[in-house]
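Residue numbers (my numbering): 8 to 118. Glycine included, every Cβ here is placed at the ideal spot set by N, Cα and C. Just so it is clear, the structure is predicted and the values come from calculations on it, not from any experiment.
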């Protein structure tokens with residue numbers, strides 16, 4: 008039996024990234040406007056998006072949660088040019104409420 012696999016250009020917990028995976032940040036990222044509105048201001052939220060290389064070599068787009076960003080800043084500083092080619096580990100994946108629904112969130116840390 009053939010199984011269909013939904014293709015996505017984004018990092019997806021437990022679909023293309025699994026707990027313990029070592030990935031690599033490939034660019035300095037860019038601040039992008041998301042499709043998610045801020046509940047207080049009504050403005051669209053801005054997220055930093057990065058190209059990330061998966062263990063199999065595939066490249067996906069990803070944004071990191073604040074906890075992960077703090078760990079990266081602690082290790083490499085606030086200039087994201089310094090993050091390029093750095094390896095990161097998917098330390099934990101947890102379900103939580105985000106963007107008005109339950110989603111699986113990846114918690115990253117520097118390798």
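Taken through DSSP and simplified to helix, strand or coil, residue 68 comes out as strand. Looking at the DSSP output, residue 99 shares a beta bridge with 114. In the displayed model, residue 79 falls within a helix according to three-state DSSP. C-alpha of residue 79 to C-alpha of residue 117: approximately 6 Å in a straight line. For residue 107, the closest of 114, 45, 72 by C-alpha to C-alpha distance is 45. Exclusion of the five residues before and after residue 92 leaves 31, 32, 33 as the residues of its chain whose Cβ lies within less than 8 Å of its Cβ.
In this structure, 72 is the residue among 105, 87, 85, 72 with its C-alpha nearest to the C-alpha of residue 99. The beta carbon of residue 83 lies closer than 8 Å to those of 89, 90, 93, 117 in the same chain, with the five residues before and after it left out. Looking only at 16, 111, 70, the smallest Cα-Cα distance to residue 53 is reached by 70. Ranked by how close their Cα comes to the Cα of residue 86, the residues 35, 48, 75 have 35 in first place.
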